[in-house]
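Asks: Top line first, the protein sequences correspond to chains H and G. The first sequence runs 1 to 338 under the working numbering. The second sequence runs 339 to 606 under the working numbering. Beta carbons are placed, not taken as given, at the ideal position from N, Cα and C, and that holds for glycine. Please see the structure below; I have some questions.
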Amino acid sequence: MEQAHVINVNQLCKKFVSYKKEPGVLGSVKSFFVRNAIEKKAVDNFQMTVKKGEIIGLLGPNGAGKTTLMKMFTGIVVPTSGELTILGHNPWERDKGFRKKIALVMGQKSQLWWDIPAMDSFTLLQRYYEIPDDRFKERIDHMSEILEVKDLLHIHVRKLSLGERMKLELMASLLHDPEVIFLDEPTIGLDLIAQENIRNFIKEYHRKTKCTIIITSHYMADVQALCDRLVLIMGGTKGFDGPIYEFEKVLGNEKTLSFSFSSEQDPSASIWESYDPEWDEKFRSVELRVPEEELRELSSQIIKNLDVIDFATEKLPIERVMKTLMEKPELLQTGQHD
Amino acid sequence: MINYQNTLKWWQTIKISWVKHTAYRLNFFLQIIGPALVFFFVKYNLWTSIFNQSNETIIQGYNLKQMITYHAWAFIISLIAQGHGSWNLSEDIRMGRISSYLIYPFNFWEFHTASFLSFQSIQLIIAGFTLFLFSFLNIIAPFTTQLLLTGVLFTLYVSFFWYLTQFFTGLLAFWLEETWILRVMLQIIAVFLSGAIIPLELYPEWLVDILNFTPFPYLSYYPIQIMMGREVSLINGIGIIGFWIVFLIFVNRLIWKRGLKLYTAAGM
Chain H
1 MEQAHVINVN QLCKKFVSYK KEPGVLGSVK SFFVRNAIEK KAVDNFQMTV
51 KKGEIIGLLG PNGAGKTTLM KMFTGIVVPT SGELTILGHN PWERDKGFRK
101 KIALVMGQKS QLWWDIPAMD SFTLLQRYYE IPDDRFKERI DHMSEILEVK
151 DLLHIHVRKL SLGERMKLEL MASLLHDPEV IFLDEPTIGL DLIAQENIRN
201 FIKEYHRKTK CTIIITSHYM ADVQALCDRL VLIMGGTKGF DGPIYEFEKV
251 LGNEKTLSFS FSSEQDPSAS IWESYDPEWD EKFRSVELRV PEEELRELSS
301 QIIKNLDVID FATEKLPIER VMKTLMEKPE LLQTGQHD
Chain G
339 MINYQNTLKW WQTIKISWVK HTAYRLNFFL QIIGPALVFF FVKYNLWTSI
389 FNQSNETIIQ GYNLKQMITY HAWAFIISLI AQGHGSWNLS EDIRMGRISS
439 YLIYPFNFWE FHTASFLSFQ SIQLIIAGFT LFLFSFLNII APFTTQLLLT
489 GVLFTLYVSF FWYLTQFFTG LLAFWLEETW ILRVMLQIIA VFLSGAIIPL
539 ELYPEWLVDI LNFTPFPYLS YYPIQIMMGR EVSLINGIGI IGFWIVFLIF
589 VNRLIWKRGL KLYTAAGM
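The following block contains the structure:
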């Protein structure tokens with residue numbers, strides 16, 4: 001028998017009905033009597049299971065259904081049909097027992113109260129989640145130490161920078177030791193250092209607590225650093241579900257190599273032919289798509305024979321895969337994994 | 339044990355709201371006290387010139403001194419009965435901020451009601467201070483402690499009704515893009531029909547008879563009469579406002595449930 005899953009999603013659908021409304025007062029009056037319903041499937045027949053302790057990256061372009069999915073997971077939105085259980089609860093029933101076990105961090109939305117210092121928000125949350133005083137103090141001390149926010153706890157939240165605020169948002173959501181954590185674009189709008197800080201913190205936190213984390217992000221660096229498993233959602237349906245290294249190969253196991261030269265090259269030379277070259281205007285740098293098994297031989301040949309001044313393999317192959325898939329979603333039909 | 343935890347939740351929310359309400363002290367003063375104070379002195383001058391400075395003129399049973407007292411009480415009572423605006427509530431809905439409340443193990447209505455209680459405690463202090471000032475300046479006629487206590491309790495009772503009305507209009511944000519127009523309209527109607535601008539004695543009798551069945555006179559006219567020591571039927575007021583409170587609780591619960599279904603946490 002399989003181990004019980006933390007999250008169980010089966011044939012989950014969410015339809016939104018909106019009403020077309022003409023602009024202006026007249027439009028409002030009109031729409032009161034005659035309403036044109038527009039139905040949109042935000043999530044369509046979605047399935048997945050999540051085991052305890054996994055960190056899953058939920059990817060997809062804007063409007064693909066990621067946020068709707070997160071909202072259904074946290075009980076904010078009620079599914080239209082299908083099955084969804086989290087830790088044995090139906091999220092949309094929103095019983096307090098369930099709410100105490102989960103956390104949601106929204107990068108685009110502050111959950112801390114703006115007009116008061118973060119510490120005040122924390123004590124409020126302490127009451128809401130019924131956290132014992134000693135446990136609460138211990139967690140605050142511990143997390144503020146790691147996140148280096150000790151001095152920020154008593155400053156009004158509205159006076160903090162986005163990066164500082166995000167750290168405190170994370171703290172706020174982790175105070176009650178949630179079993180499942182939903183992070184909706186936790187690094188959005190942050191500078192590189194702040195992104196890395198947040199990333200490292202999440203990683204370390206997960207290592208220690210073995211909690212389950214679902215994270216959405218448009219930054220592939222987040223996903224690469226944190227997630228072992230990716231779930232891709234496009235147009236409301238699941239496009240991919242599997243380990244990161246498999247995702248890199250969804251479009252074939254070719255690698256991207258780029259070379260720069262000190263002089264102009266001849267793009268019609270036969271050496272480039274089979275590697276789908278992309279040249280810059282001056283023919284001084286090129287990007288090639290090279291099958292894994294030819295990588296070594298080809299690169300040494302180019303370096304030996306031509307005046308190469310720089311060469312590199314891509315850092316984030318999933319970024320390229322993601323970009324290609326967003327431009328041409330139809331590619332998924334052929335490269336689909338299960 | 340559960341009850342104790344819950345009380346702590348409420349108490350902490352009230353304390354935090356206190357800090358929040360006073361965070362923008364100047365703003366708070368300008369928005370709530372300022373206009374009301376200006377309005378009061380406009381009325382003060384208006385009535386003074388209507389009575390033409392003569393203390394003998396009597397309009398519908400009010401001489402000048404009594405008319406001024408009436409409006410001074412109207413001002414103090416409005417601080418308690420109708421001070422709270424629930425502006426945040428519809429903003430929370432419209433901006434998708436209620437997502438947070440749906441996730442915390444503390445409910446949306448609990449949060450806002452605690453915030454209301456906290457606001458009222460501040461308003462009581464402000465009202466007390468204003469009353470002291472008015473008495474000191476001899477604007478208000480003397481009153482007894484017993485009348486004051488009865489009046490304040492009745493006003494607090496009515497304020498809970500007004501809070502529920504605000505909650506109701508706030509919840510309409512689930513359906514409407516802007517609810518402030520509605521609230522301003524309600525506010526204006528309430529000001530007129532509650533006797534806050536002119537005493538109800540100056541209205542036609544048939545209108546007053548109808549109004550007595552609506553909650554409006556109890557927002558201002560009734561508490562003023564209590565404070566001024568005039569005879570009013572307390573039972574009537576308690577009964578009618580009580581009916582409206584029960585009715586609004588029921589309606590609010592219903593539209594909260596329906597609205598939540600509709601809610602898609604816009605822009606979350």
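Over what stretch of residues does the beta strand (DSSP E) that includes V50 (chain H) continue unbroken?
Replies: It spans 36–50 - the beta strand (DSSP E) in which V50 (chain H) sits, taken as one unbroken run.
Asks: Mind listing, in chain order, the continuous alpha helix (DSSP H) runs of no fewer than 4 residues lying wholly within the segment 48–128 of chain H?
Replies: Fully enclosed alpha helix (DSSP H) runs of 4 or longer: 66–73, 96–99, 118–128.
Asks: Strictly under 9 Å for the Cβ-Cβ distance: is F595 (chain G) near chain H by that measure?
Replies: Note that residue 595 (chain G) is Lys in the sequence shown, not Phe. So, not an interface residue.
Asks: Tell me the rounded alpha-carbon separation between E314 (chain H) and V290 (chain H).
Replies: So the alpha carbons of these two residues sit roughly 12 Å apart.
Asks: Does W582 (chain G) come out as helix, strand or coil in the three-state DSSP assignment?
Replies: The answer is helix: DSSP assigns W582 (chain G) an H, G or I state.
Asks: Between S609 (chain G) and chain H, is any beta-carbon pair separated by less than 9 Å?
Replies: Coverage of chain G is limited to positions 339 through 606, which leaves residue 609 (chain G) absent and any answer about it impossible.
Asks: Pick helix, strand or coil for E254 (chain H), following the three-state DSSP scheme.
Replies: It is a strand residue.
Asks: Does the separation of the CB atoms of L471 (chain G) and I418 (chain G) fall below 9 Å?
Replies: Cβ atoms of L471 (chain G) and I418 (chain G): not closer than 9 Å.
Asks: Please classify Y342 (chain G) as buried or exposed, where buried requires at least 16 other C-beta atoms within 10 Å of its C-beta.
Replies: Answer is exposed; the Cβ neighbour count stays below 16.
Asks: Is there contact here, the segment 44–63 of chain H with the segment 238–251 of chain H, by at least three beta-carbon pairs under 8 Å?
Replies: Counting Cβ pairs under 8 Å, three or more are found: they touch.
Asks: Leaving out five residues on either side along the sequence, give the residues of the same chain with a beta carbon under 7 Å from the beta carbon of A412 (chain G).
Replies: A534, S558, I562, listed in sequence order.
Asks: Any idea which residues DSSP pairs V223 (chain H) with across the strands?
Replies: Note: V223 (chain H) sits in no beta bridge, so no partner.
Asks: Using 8 Å as the Cβ pair cut-off and three pairs as the minimum, do the segment 86–104 of chain H and the segment 245–261 of chain H touch?
Replies: Touching, no.
Asks: Along chain G, which residues have their Cβ under 7 Å away from the Cβ of R99 (chain H)?
Replies: In chain order: I441, Y442, P443.
Asks: In three-state DSSP terms, what is L514 (chain G)?
Replies: In this structure, L514 (chain G) counts as coil in the three-state DSSP scheme.
Asks: Under a three-way DSSP split, which group does P373 (chain G) fall into?
Replies: Of the three classes helix, strand and coil, the one that applies to P373 (chain G) here is helix, per DSSP.
Asks: So T74 (chain H) and I441 (chain G) are in contact, right, with Cβ under 8 Å, and what is the actual spacing, rounded?
Replies: Between I441 (chain G) and T74 (chain H) the Cβ distance is about 6 Å, and since that is below 8 Å, they are a contact.
Asks: Quick check: the segment 323–333 of chain H against the segment 101–109 of chain H, are at least 3 beta-carbon pairs closer than 8 Å?
Replies: Counting Cβ pairs under 8 Å, fewer than three are found: no touch.
Asks: Am I right that C211 (chain H) and P178 (chain H) are in contact with their C-beta atoms under 8 Å? What's the rounded C-beta distance?
Replies: The pair is a contact, with the Cβ atoms about 7 Å apart (cut-off 8 Å).
Asks: Between Q343 (chain G) and chain H, is any beta-carbon pair separated by less than 9 Å?
Replies: So, interface residue.
Asks: So I354 (chain G) contacts chain H; which residues on that side make the cut at Cβ distance below 9 Å?
Replies: Here the neighbours are W113, I116, D120, S121, T123, L124.
Asks: Does the beta carbon of L104 (chain H) sit closer than 9 Å to a beta carbon anywhere in chain G?
Replies: With 9 Å as the cut-off, L104 (chain H) counts as an interface residue toward chain G.
Asks: Under three-state DSSP, which class holds Q563 (chain G)?
Replies: If DSSP states are grouped into helix, strand and coil, Q563 (chain G) belongs with the helices.
Asks: Could you give the first and the last residue of the continuous beta strand (DSSP E) run that contains E164 (chain H)?
Replies: That residue, E164 (chain H), is in no beta strand (DSSP E); its alpha helix (DSSP H) goes 162–174.
Asks: For W609 (chain G), which beta-bridge partners are listed by DSSP?
Replies: Residue 609 (chain G) lies beyond the stretch modelled for chain G, which goes from 339 to 606, so this question has no answer here.
Asks: Report the neighbours of I140 (chain H) on chain G: residues whose CB is nearer than 7 Å to its CB, in chain order.
Replies: Simply none; closest approach about 15 Å.
Asks: Hey, is W96 (chain H)'s beta-carbon within less than 9 Å of any beta-carbon in chain G?
Replies: The residue asked about is misnamed: residue 96 (chain H) is Lys in this sequence, not Trp. Yes, K96 (chain H) lies at the interface with chain G (some Cβ there is under 9 Å from its Cβ).
Asks: Considering only their Cβ atoms, is the gap separating M565 (chain G) from I415 (chain G) smaller than 9 Å?
Replies: In this structure, M565 (chain G) lies closer than 9 Å to I415 (chain G) by Cβ.
Asks: Quick one: list the residues of chain G neighbouring V78 (chain H), beta-carbon separation under 8 Å, in chain order.
Replies: The contacting residues are K599.
Asks: Since F505 (chain G) is in the alpha helix (DSSP H), which residue starts that stretch and which ends it?
Replies: Note, F505 (chain G): alpha helix (DSSP H), 483–509.
Asks: So what does DSSP say about A419 (chain G), is it helix, strand or coil?
Replies: DSSP places A419 (chain G) in helix when its eight states are reduced to three.
Asks: Counting only Cβ-Cβ distances shorter than 8 Å, please list the residues of the segment 186–197 of chain H near chain G, keeping chain order.
Replies: Flagged: no residues at all.
Asks: Which stretch, first to last residue, makes up the alpha helix (DSSP H) that contains F247 (chain H)?
Replies: F247 (chain H) -> alpha helix (DSSP H) spans 244–248.
Asks: Could you check where the alpha helix (DSSP H) with E130 (chain H) kicks off and where it finishes?
Replies: Neither: E130 (chain H) is in no alpha helix (DSSP H) and is coded neither H nor E.
Asks: So, is P23 (chain H) buried or exposed, given that buried needs 16 or more other C-beta atoms within 10 angstroms?
Replies: So P23 (chain H) counts as exposed.
Asks: Would you kindly check if the distance between the Cβ of Y408 (chain G) and the Cβ of P537 (chain G) is under 9 Å?
Replies: In this structure, Y408 (chain G) lies closer than 9 Å to P537 (chain G) by Cβ.
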